[in-house]
Amino acid sequence: MEVSFNIRGNEYNGKYYVNLQAWKLQREDSGMNQEAPPTPDFEPVGDEDDDLPF
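The working numbering puts the first residue of the sequence shown at 919, with every later residue one more than the last.
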């Protein structure tokens, strides 16, 4: 992935802050199809009462 961005820094009360503003995202095809990892199997949620007051 290629990201084009602007960088700006500001000084406030003796501290420096950096702002990164991305304005273009470009996906690069590597020629390889990567599959998403398999989703894990979860146990079903039971019908237990919650102790939450809301």
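C-beta: ideal position from N, C-alpha, C; glycine also. Being a predicted model, the structure only gives us computed values, none of them experimental.
Residue range 920 to 930 is occupied by the beta strand (DSSP E) that includes residue 927. Closest option to residue 926, judged by alpha-carbon separation, among 939, 957, 959 and 947: 939. Of 945, 957, 923 and 960, the smallest CA-CA separation from residue 937 is found for 923. In the structure shown, the three-state DSSP call for residue 940 is strand. Taking C-alpha positions only, residue 947 is separated from residue 935 by approximately 34 Å.
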